[in-house]
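Which chain is which? The protein sequence lines are A and B, in order. 814 is the number that this note's numbering gives to position 71 of the first sequence; each next residue is one higher, with no gaps. 1215 is the number that this note's numbering gives to position 179 of the second sequence; each next residue is one higher, with no gaps.
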Amino acid sequence: MELYAPRDVWFQKLRKKMMDCMTQPPRARPRKEQADREIDENLKRAFNEVASQQVPDRFTELLEQLRKQETQKPSGQSEEAASDD
Amino acid sequence: MTDVQADPRDDLVNHLGALRAFAVSLTRNSATADDLVQDTLVKAWTNIDKFEPGSNMRAWLFTILRNTFYSLRRKRKREVEDADGVLSEKLAQKPEHDGRLHMRDFGSAFAQLNDEQREALVLVGAGGFSYEEAAEMCGVKTGTIKSRVNRARARLTELMDLDEQSQMELTDSVTAGIVAQQGAA
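Pasting the structure below:
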C-alpha cells in the first residue's frame, strides 16, 4: 500500500545509516563532527547561562507599564483623556 | 471581545531570558544587550498586530531584536566595532604558553567571528532554530545561513584547536612566529 511507501523509504535510509555506522571504523568518524558538537555545547551552555539568569526588574516593570498605558488610554480616545492624570 | 482569545503580549514575559541571551551574544556587552532587549519589547508591544497568532513568537522577537541591533550598529558604526576588532586581533595573536587557545577561551574565540557568523551560529547552534528558520529571521537564503554557520564553526575550531591536525599546524606557526621574532630582535 502506498501509505507505507514513505515509511519504507525512511526505514531504508535509517538502516543504511546504521549499517554505515557499524561498518565504519570509529576513528573514521570525522573530527569535524566532534569539534562541531563541542562548539554547540559551549554555545548552548553560554546561551542558557544568560537565559536562565534572573531577569532584571526593568523588563517586567516595562511590560507592566506598557499594559498600564494601554488601559489608561484605550485606542480611539482623545489625548485629553490621557492628559487628565 | 478580544478577551476571549489569549493576548499574545502576555507571552512576552516568557521570552525575556532567551532575548537577553541572544542580545548578549550579538553585542557581547550586557548593558548594551539589555538596552536592545528593552527596545525589542517596546517594538513588539506596539507592533503586536503584526504577530501572527500561533506562529513562533521567539522567532518573531529574535527577528525584531536582530533588526534593531543591525540598525543601531549602522547608526554608530565605527567606535564600538573597531574597539572590539582591535581587541580581538590582540587576543588572536597572543597564544597561551603552549601556543594555543583552550576551551575556556571560547568567549574570545567567539568574539572574533563577524556579527553575521556569530548570529547564524547562535540561532542554529544554541537557539535551536532550523537553517530555514534562521534564514527567514535574517532575511537571507538558507544556503547563506549554512555557509555562515560552517565558516563560524571552522573558524572556532581553528582558534580553539578542536581538531588535532590544526593544533599541530598552529603550534608550528606559533613556533615559526617566535623564531622570526627572535631573529628580528
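Virtual Cβ for every residue (Gly too), placed ideally from N, Cα, C. The model shown is predicted, which means the values in this text are computed figures rather than measured ones.
Worksheet item: How many angstroms separate the CA atom of Glu-776(A) from the CA atom of Arg-801(A)?
Response: 41 Å
Discussion item. Rounded to the nearest angstrom, what separates His-1133(B) and Leu-1195(B) at their Cα positions?
Written reply: Bear in mind that the predicted position of His-1133(B) carries a pLDDT of just 44, short of 50, making it too unreliable to give a figure here.
Fill in: Gly-1053(B) - DSSP class collapsed to helix/strand/coil
helix
Worksheet item: Can you find a C-beta in chain B that's less than 9 Å from the C-beta of Lys-811(A)?
Response: no
Fill in: Runs of alpha helix (DSSP H) lying entirely within the segment 759–804 of chain A, each at least 4 residues, in chain order
774–794
Worksheet item: Counting along the chain, where does the alpha helix (DSSP H) carrying Ser-1091(B) start and finish?
Response: Per DSSP, Ser-1091(B) belongs to no alpha helix (DSSP H) and is neither H nor E.
Practice prompt. Spatial neighbours of Met-1093(B) within its chain, please: CB distance less than 6 Å, with the 5 preceding and 5 following residues excluded, ordered by chain position.
Written response: Asp-1047
Fill in: Exposure of Val-1160(B), with buried meaning 16 or more beta-carbon neighbours within 10 Å
buried
Practice prompt. Answer with yes or no whether the minimum CB distance from Trp-1096(B) to chain A is below 9 Å.
Written response: False, the Cβ-Cβ gap to chain A never drops below 9 Å.
Item to complete: Return yes when the Cβ of Ala-1156(B) is within less than 9 Å of the Cβ of Ala-794(A), no when it is not.
Response: No, these two residues do not count as a Cβ contact at 9 Å.
Worksheet item: According to a CB-to-CB cut-off of less than 7 Å, which residues of the segment 1178–1192 of chain B neighbour chain A?
Response: Arg-1189, Leu-1192
Fill in: Residues in the segment 1046–1058 of chain B having any Cβ partner in chain A nearer than 7 Å
Within the segment 1046–1058 of chain B, the qualifying residues are Leu-1048, Val-1049, Leu-1052, Gly-1053, Ala-1054, Arg-1056, Ala-1057.
Discussion item. My output table needs one value for Lys-1177(B): the three-state DSSP class, helix, strand or coil.
Written reply: It is coil, neither helix nor strand.
Discussion item. For chain A, check one thing: does any of its Cβ atoms lie closer than 9 Å to the Cβ of Asp-1070(B)?
Written reply: yes
Worksheet item: By Cβ distance, which residues of its chain are closer than 6 Å to Gln-1129(B), with the 5 residues on each side in sequence left out?
Response: Confidence at Gln-1129(B) is low in this model, with a pLDDT of 43, below 50, so the placement of that residue should be treated as unreliable; the coordinate-derived value is given next. Non-local C-beta neighbours of Gln-1129(B) in its own chain, meaning closer than 6 Å and more than five positions away in sequence, are absent.
Worksheet item: Hey, is Phe-1146(B)'s beta-carbon within less than 9 Å of any beta-carbon in chain A?
Response: For Phe-1146(B), the answer is yes, since a Cβ of chain A falls inside 9 Å of its Cβ.
Worksheet item: Which two residues bound the contiguous alpha helix (DSSP H) that contains Asp-1070(B)?
Response: Element bounds for Asp-1070(B): 1066–1082.
Worksheet item: From Leu-1101(B) to Lys-759(A), what distance separates their C-alpha atoms?
Response: 42 Å
Discussion item. For Leu-786(A) and Gln-815(A), I'd like the C-alpha separation in whole angstroms.
Written reply: 43 Å
Worksheet item: DSSP three-state call for Leu-1127(B): helix, strand or coil?
Response: Only weak support is given to the placement of Leu-1127(B): the predicted model assigns it a pLDDT of 44, under 50, and the question is left unresolved by the model.
Discussion item. Quick check: the Cα distance between Glu-1168(B) and Cys-1174(B), rounded to an integer number of angstroms?
Written reply: 10 Å
Discussion item. On the DSSP letters alone, give me the boundaries of the alpha helix (DSSP H) that Gly-1143(B) sits inside.
Written reply: 1142–1146
Worksheet item: What do you reckon, are the CB atoms on Ile-782(A) and Thr-1193(B) nearer than 9 Å?
Response: yes
Worksheet item: Is the beta carbon of Ala-1080(B) sitting closer than 9 Å to the one on Ala-1069(B)?
Response: no
Worksheet entry | Where Phe-754(A) sits in the DSSP three-state scheme | Collapsing the DSSP output to three states places Phe-754(A) in a helix.
Worksheet item: Taking the alpha-carbon positions, what's the Leu-1149(B) to Ala-1188(B) distance?
Response: Here the alpha carbon of Leu-1149(B) sits roughly 6 Å from the alpha carbon of Ala-1188(B).
Worksheet item: Going along chain B, which residues have a C-beta under 9 Å from Gln-796(A)?
Response: Gly-1053, Arg-1056, Ala-1057
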